[in-house]
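This report refers to the structure that appears directly beneath it.
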Amino acid sequence: MTKNCPKYEKIRDYIIQGIKSKNFTHAIPSENQLAKTFSVSRMTARKALDKIVEQGFIERIPGKGTFVKKKNYYTSGFFKIRPFRKWAEDLNVEITSEILESQVIDPPENIDKMLDHNGQVVLIRQLWFFDKKPVRYAIRYLRADMCAGILWENLQGRSIHDILINKYHLPLTRVSQSMTAIALEKETARLFQVDPGYPVFRIQRVQYSFEKPVTYVEYFMRGEMAFMDTFTPMLDNSDF
């Protein structure tokens, strides 16, 4: 962080670092306290807190204050990302995909916040099959200023992740993700060739190149397969 960065960014980084280092585990200083500590206006302090809320680190509870947001799912630490194609190889199945949509769009509001990017994005919707059975549906947004060339690639059965790394030499160094269980709505259920209400796991993932968000992808995985695809325990012999 440079000395000339906006003051709200200094407050934002201070709070986020405090959360990561466990200095803040419950309540967050109020706007008044932050304004006094950093010699800024309440509006600047409020903007910093707004940014941290958007990033998912804190939440506001009316009448009580601002608090560290508690997670009800695992996002890191116990598992590592496992390549989708590797899973197909382990199961000895044929892996194919169908591109349902591929275009440049103006980002929806929640996506521009996820990617910290106000410019256009590439939207790709892709359905993956194992032995012609639909198993994963992906809705992916990529920053157009970094990944626009992906539109001219043949993506049938190919990993966008691998293309970005190996062809565009874009290092994807970090992943932040969450996973929740949901019931499919009508349109998505149709893609999976199942009835509405069918149980799936929804995986929301942001991929970074160092500290810059590059892509946001939302996966819908058949409930009986999600853990096999996405997570592998990271354990040593000493853990057994």
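Residue numbers for the sequence shown follow this note's numbering, beginning at 184 and rising by one. For glycine and all other residues, C-beta sits at the position ideal for the given N, C-alpha and C. As the structure is a computational prediction, the values presented were derived from the model and not from experiment.
Per-residue burial, residue i [other beta carbons within 10 Å of its own, 16 or more giving buried]
i: Ile282; result: exposed
i: Arg195; result: buried
i: Ile288; result: exposed
i: Thr249; result: buried
i: His300; result: buried
i: Asp419; result: Because the pLDDT of Asp419 is 40, which lies under 50, any placement of that residue in the model is unreliable, and the question is left without a value.
i: Ala231; result: buried
i: Gln360; result: buried
i: Cys330; result: buried
i: Ile333; result: buried
i: Ala321; result: buried
i: Pro354; result: exposed
i: Phe393; result: exposed
i: Thr413; result: Low confidence applies to Thr413: its pLDDT is 43, below 50, so where it sits in the model is not reliable, and the reading given next is rough at best. It counts as buried.
i: Ala245; result: Here the sequence assigns Pro to residue 245, which means Ala is not the residue at that position. Burial call: exposed.
i: Ala234; result: This sequence places Lys at residue 234; Ala is not what is there. With 16 or more other Cβ atoms within 10 Å, it is buried.
i: Arg373; result: exposed
Residues sharing a beta bridge with residue i, DSSP
i: Trp311; result: Ser280 and Arg319
i: Tyr391; result: Arg357 and Pro396
i: Phe207; result: Partner(s): none; Phe207 has no beta bridge.
i: Ile386; result: Met362 and Tyr402
i: Ile288; result: Val304
Backbone CA spacing between residue i and residue j [nearest angstrom]
i: Ile278; j: Arg405; result: 15 Å
i: Phe312; j: Lys190; result: 49 Å
i: Asn215; j: Arg225; result: 6 Å
i: Pro317; j: Thr371; result: 11 Å
i: Glu292; j: Arg326; result: 14 Å
i: Thr227; j: Ala218; result: 8 Å
i: Val377; j: Glu192; result: 46 Å
i: Ser342; j: Asn349; result: 11 Å
i: Val383; j: Ala364; result: 6 Å
i: Gly239; j: Tyr391; result: 16 Å
i: Asn255; j: Gln303; result: Residue placement at Asn255 is flagged as unreliable, the pLDDT there being 44, under the threshold of 50; the coordinate-derived value follows with that caveat. One C-alpha to the other measures close to 32 Å.
i: Asp295; j: Ile386; result: 18 Å
i: Pro379; j: Gly340; result: 27 Å
i: Thr398; j: Tyr324; result: 6 Å
i: Ile199; j: Asp314; result: 45 Å
i: Val305; j: Arg357; result: 20 Å
i: Gln286; j: Glu242; result: 34 Å
First through last residue of the alpha helix (DSSP H) which encompasses residue i
i: Tyr402; result: No alpha helix (DSSP H) holds Tyr402; the beta strand (DSSP E) holding it covers Lys395 to Arg405.
i: Thr371; result: Lys369 to Phe375
i: Gln200; result: Lys190 to Lys203
i: Asn301; result: Run containing Asn301: none; DSSP gives neither H nor E here.
Test: residue i CB closer than 8 Å to a CB of chain B
i: Ser392; result: Absent from the structure: chain B. Only one protein chain is present.
For a minimum of 4 consecutive residues, which ranges assigned as the alpha helix (DSSP H) are wholly contained in the segment 211–258? Counting only runs of 4+ residues, the alpha helix (DSSP H) found wholly inside the segment 211–258 occupies 214–221 and 225–237, in chain order.
Unbroken alpha helix (DSSP H) runs of length 4 or more, entirely within the segment 317–364: which are they? 327–330 and 343–349
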